[in-house]
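One structure below.
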Amino acid sequence: MQKSLHIDPNKCTGCLQCEMACSWENYRSFTTAKSRIKVFSFHEAGRFVPYTCTQCDEAWCMTACPVDAIKLDPVTGAKIVLDPTCVGCKVCTIACPFGTINYVAQSGKVQKCDLCDGAPACAKACPTAAITYVDADWTGLEKMRQWAGKTDTNPATV
Amino acid sequence: MAWTKNVLRVNLETGTCSTEPLNQTWAQDYLGQRGLATKYLVSEIDPKVDPLSPQNKLIFVTGPLTGTMAATGGRYSVVTKGPLTGAIACSNSGGYFGAELKFAGWDMVIFEGASPKPVYLLLMDGKAELVDASHLWGKTVWETEETIKKQHQDPQLRVASIGRAGENGVLYAAIVNDLHRAAGRSGVGAVMGSKNLKAFAVRGTRTDAYQVADPEGFFKAVDAGKAVLAANGVTGQGLPTYGTQVLMNVINELGALPTRNHQDIQFEGANNIGGEAMHLKRPTDGKANLVTNGACFGCTIACGRISRMDPGHFSVKDKPQYHGASGGVEYEAAWALGAANGVSDLEALTYANFLCNEDGFDPISFGATVGAAMELYELGLLTKEEVGFELPFGSTEAMVKLAELTAKGEGFGKLIGLGSKRLCTKYGRPDLSMTVKSQEFPAYDGRGLQGMGLAYATSNRGACHLRGYMVSPEVLGIPVKMEPQATEGKPAMLKAFQDLTAVVDSAGICLFTTFAWGLQDIQPQIQAACEGDWSEERLLLVGERIWNLEREFNLSAGLTCKDDNLPPRLMKEPAKTGPQKGAVSKLDIMLPEYYQLRGWDKQGVPTPETRTRLGV
């Protein structure tokens, strides 16, 4: 069964534990500037929204790469950047419609979410379950459950 | 190593920035943040210096757990000599600024002297630069942050700045970061203003600036700590749902909610301004004041209030800039802007709170000073002509107007900006100032809660709830239940809380964790992050050392045991209503025992033995 990262912005408090966890996973440092998941604060709306790669099936980044440095992990479905192959041309950063693949000056390569080999550190670190790692076919399950609970099957007893 | 071991020194007079290694002996003795910066300040300035003169210094400081995955590990402090109190000032703030400073590679930034013209510090990792801020002078915190980010085309900059209050010398001006998190108390923003330092913008991207010593042990301790916070009723449910505002009705019912400049001890309007009220749908627009809760960096509690005002409220009707969501009232602010002056309009409190964030001033001191002014007015000592409008207790319009005037430094707001001690002294009634060391009380009455009275009297930065939170034992039963009116055991409990709090602050985490965490939860996190042996005993000794160092600074600055006192109202006027009816403060019973437990003489001076034992 394939899983995917599922984000529920309504539960996010903006604590950035996910960003630190991502940075730790990849850099052994808590530096949020290096995180592949970013939490955006929409101050005037009072909203916090975590955002990262959704691992498109037909990935623009992978298609655009001229040196085949982005490969599909058949188990997790992640599109993974192969560092030794990446030449840092940044064409993928132009191709990606969502901005979730970015260049890292420190390494001269691009980076994106790779789902941590099937155990995403961001989801583990999230204290409010705003980021979860769930059955890829059922990302809507929790939302369905909530609406199902509101279904009024017997108005007479209410 | 959880310290970056780097200190940035900024000479504002010459406009030069220099780097120096952190004094690691001091880091071992004072841990970080509050303790460490205090050690630097005490070693570098004359305690008798005028706080608003160039001879004072202003230190921004992080702790060893700042910028780590320890829950709430995002705190920084600003340490200086305070202009409101003339005592040590250490104001702690959350948001994202502190962690960013650490990521940039700095434990501490020391500002010296005063700039000949307005400037801001731009710190990009290792590159520090003072930039002309002439175009920002006269701007609010909100405008300043936005302008700096736009100017450098970097929305990821974190900015701490002062608003007009800090420029205008409001003696309780705050330094505000991330739009609505503040180093709020004791006037650290006025010191920043006196130095012509408008803002401090930082971006940190380094991965090699610091490390936790034992990663495996660190994650084990940190995960265990997070589980404790999540399982605790206060940190897991009460604070996320209601914020610190969970306390409003509790404290009111207990009879410890200071009302109308401490004339009363219960407020009839408490229910309208508390945490529950923020969830209620307004009849006017059908929406609740509270939009959501928000967290500071690394915080798994998320007590922050994000509020949106009723756009039809008289205070903001024609001001669309206040119609979006922003930092809502927490308990102390709601009390000060509300109960302290008899106002029970939640929307008005929210607006005044927005103004406190927007122009950088402390809502506690501001609201309490308004309360004092209202009493002066009702006594006829202050006239409508002097104020410019009527100023009776309970006047929402007057409170709002004074917030606007204080923010801008106009009219009667100039006097309100000096704090209640100076205001009441000017009108011949210093006894009506509800302060210790000239700093206003926060939201607990020292008659209703005897331990809090002692905590206020002995706090090194003037009246403050965040130096020894006796509300925990006296109201919440943490770690043990103590009756509000009891005095027995309170001095010892307070000493333990004060020392522990100094450790928590100095580590770079939030005091609110201690609703759930004891030292046994905190110690393993510090131990795993920092090299060396950090036993519970050693940490408590560090806390006690910090407390005594702050005390020594104050004594050298000219404060004495006479300043460990409460206003006559709390000592002589019995509480009028509620469960604590008839109570006055029993400070005189508790204080001598407190001095003795501290190892201080009868004048409150640390004995030679105490000094030797602590190495202060």
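One line per chain: the protein sequences are Z and C, in this order. Quick note: the first sequence uses the working numbering, first residue 30, plus one each step. Quick note: the second sequence uses the working numbering, first residue 5, plus one each step. Beta carbons: idealized from backbone N, C-alpha and C, even for Gly. This one's a predicted model, so the numbers in the text were calculated from it and none came from an experiment.
Check                                                                                                                                                             : Outcome
Taking the alpha carbon of Val404 of chain C as the point to measure from, which residue in C:Val320, C:Leu458, C:Tyr431 has its own alpha carbon closest?        : C:Val320
Return the CA-CA distance between Glu408 of chain C and Gly75 of chain Z, expressed in angstroms with no decimal places.                                          : 24 Å
Counting contacts by CB-CB distance shorter than 7 Å, is Ala281 of chain C in contact with chain Z?                                                               : no
In angstroms with no decimal places, state the Cα-to-Cα distance between Ala356 of chain C and Asn552 of chain C.                                                 : 37 Å
Grab me the residues of Glu613 of chain C's own chain with a C-beta within less than 8 Å of its C-beta, minus the 5 sequence neighbours each way, in chain order. : Gly603
In the structure shown, what three-state DSSP assignment does His327 of chain C receive?                                                                          : coil
Hey, Asn297 of chain C and Gly278 of chain C are a contact pair by Cβ (cut 8 Å); roughly how many whole angstroms apart?                                          : Actually they are not in contact, since the Cβ atoms of Asn297 of chain C and Gly278 of chain C sit about 15 Å apart, beyond 8 Å.
If you reduce the DSSP assignment to three classes, tell me which class Glu280 of chain C lands in.                                                               : helix
Just checking, does the region 586-599 of chain C make contact with the region 464-483 of chain C on the three C-beta pairs under 8 Å criterion?                  : no
Could you give the first and the last residue of the continuous alpha helix (DSSP H) run that contains Phe358 of chain C?                                         : 350-363
Give me the chain Z residues within the contact set of Ile310 of chain C, using Cβ-Cβ distance strictly less than 8 Å, ordered along the chain.                   : Gly75
For the region 45-76 of chain Z, enumerate the residues whose C-beta is nearer than 8 Å to any C-beta of chain C, in chain order.                                 : Leu45, Gln46, Met49, Ala50, Ser52, Trp53, Tyr56, Arg57, Ser58, Phe59, Thr60, Thr61, Ala62, Lys63, His72, Glu73, Ala74, Gly75, Arg76
Please classify Ile123 of chain Z: is it buried, with 16 or more other beta-carbons within 10 angstroms of its beta-carbon, or exposed?                           : exposed
What residues of chain Z sit near Val226 of chain C, judged by a beta carbon separation below 7 Å?                                                                : Here the premise fails: no neighbours, minimum Cβ distance about 10 Å.
Establish whether the CB of Ala532 of chain C and some CB of chain Z are separated by less than 7 Å.                                                              : no
Quick check on Pro68 of chain C: buried or exposed, where buried means 16 or more other Cβ atoms within 10 Å of its Cβ?                                           : buried
So that I know if they touch, is there some Cβ in chain B lying closer than 7 Å to that of Gly43 of chain Z?                                                      : This model lacks chain B altogether; the protein chains it does include are Z and C.
Would you verify that the beta carbon of Ala299 of chain C is, or is not, closer than 7 Å to some beta carbon of chain Z?                                         : yes
Check each residue of the region 135-159 of chain Z: if its Cβ is closer than 8 Å to any Cβ of chain C, include it; give the result in chain order.               : Gln135, Ala154, Pro156, Thr157
On a CA-only basis, which of C:Leu341, C:Gly193, C:Asp537 is nearest Arg264 of chain C? Give me that one, please.                                                 : C:Leu341
Starting from Trp604 of chain C, follow its DSSP beta bridges and name the residues at the other end.                                                             : C:Pro610
Between the region 172-205 of chain C and chain Z, which residues of the former have a C-beta closer than 7 Å to a C-beta of the latter?                          : Leu183
What residue from C:Glu487, C:Phe416, C:Pro367 has the CA that sits closest to Ala178 of chain C's CA?                                                            : C:Pro367
State the beta-bridge partners of Gly298 of chain C as determined by DSSP.                                                                                        : C:Gly308
Just the Cα atoms here: how many angstroms apart are Phe365 of chain C and Arg189 of chain C?                                                                     : 8 Å
I'd like the list of long-range same chain contacts for Trp521 of chain C, defined as Cβ closer than 8 Å, with 5 residues on each side in sequence excluded.      : Gly229, Val232, Leu233
Taking any Cβ of chain Z, which residues in the region 60-75 of chain C have a Cβ under 9 Å from it, in chain order?                                              : Gly71, Thr72, Met73, Ala75
Can you find at least 3 beta carbon pairs, one from the region 440-457 of chain C and one from the region 491-507 of chain C, that sit closer than 8 Å?           : yes
Look up Asn15 of chain C in the DSSP assignment and say whether it is helix, strand or coil.                                                                      : strand
Against Lys230 of chain C, what residues of chain Z qualify as contacts under a CB-to-CB distance less than 8 Å, listed in chain order?                           : Pro156
List the residues of chain Z that Thr89 of chain C touches, going by C-beta distances under 9 Å, in chain order.                                                  : None at all; the shortest Cβ gap to chain Z is about 33 Å.
Between the Cα of Pro120 of chain C and those of C:Thr245, C:Ser138, C:His327, spot the shortest distance and give me the residue it belongs to.                  : C:Ser138
Pick from Z:Lys40, Z:Pro126, Z:Met30, Z:Lys32: whose alpha carbon is nearest that of Ala159 of chain Z?                                                           : Z:Lys40
From Pro51 of chain C to Thr60 of chain Z, what distance separates their C-alpha atoms?                                                                           : 37 Å
Starting from Ile550 of chain C, trace the alpha helix (DSSP H) both ways and give me its first and last residue.                                                 : 540-561
Can you round the beta-carbon distance between Ala118 of chain C and Asn172 of chain C to whole angstroms, since I take them to be within the 8 Å contact cut?    : Contact flag wrong, Cβ pair sits at about 16 Å.
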